[in-house]
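Asks: With the UniProt record's numbering applied, the sequence shown covers 1 to 77.
The beta carbon of each residue, even a glycine, is placed where N, CA and C say it ideally should be.
The structure that follows is given in the form of structure tokens.
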Amino acid sequence: MANASPSSFITSVTRNPVVVRLNNGSNFKGILACLDERMNISMENTKEYINGVLVKEYGDSFIRGNNVLYIRTDNDG
Numbered sequence: 001m002a003n004a005s006p007s008s009f010i011t012s013v014t015r016n017p018v019v020v021r022l023n024n025g026s027n028f029k030g031i032l033a034c035l036d037e038r039m040n041i042s043m044e045n046t047k048e049y050i051n052g053v054l055v056k057e058y059g060d061s062f063i064r065g066n067n068v069l070y071i072r073t074d075n076d077g
């Protein structure tokens with residue numbers, strides 16, 4: 001996937017486990033349901049981790065795009 005475009009990456013990970021890293025350092029792991037042009041993210045089965053420790057489980061969640069540092073596949077998911 002090293003040569004994939006951002007849009008093809010998002011298409012390939014939609015409906016799959018991802019990790020969303022926020023600007024504050026927290027990680028949200030779950031299933032990427034959808035993403036819009038402003039990087040607003042909808043996730044399912046979401047869990048929040050801070051410093052690798054599970055903090056809370058949310059189920060469905062929405063993350064504003066201006067808080068997102070990056071999205072990656074969750075190889076552990």
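Determine whether the beta carbon atoms of Val-20 and Ile-63 lie at a separation below 9 Å.
Replies: Yes, the Cβ-Cβ distance between Val-20 and Ile-63 is below 9 Å.
Asks: Return the chain-ordered ranges of every beta strand (DSSP E) run that is complete within the UniProt domain "Sm" (5–77) and spans a minimum of 3 residues.
Replies: List check, beta strand (DSSP E) in window: 17–22, 27–35, 41–50, 53–63 and 68–73.
Asks: If you draw a straight line from the alpha carbon of Thr-11 to that of Val-55, how long is it in whole angstroms?
Replies: Between Thr-11 and Val-55, the C-alpha separation is close to 29 Å.
Asks: Among Phe-28, Ile-50 and Glu-57, whose alpha-carbon lies nearest the alpha-carbon of Ile-41?
Replies: The candidate whose alpha carbon is nearest that of Ile-41 is Phe-28.
Asks: Write down the C-beta distance between Thr-46 and Ser-26 rounded to the nearest angstrom, noting that I regard them as a contact closer than 8 Å.
Replies: At roughly 12 Å, the Cβ-Cβ gap does not stay under 8 Å, so Thr-46 and Ser-26 are not in contact.
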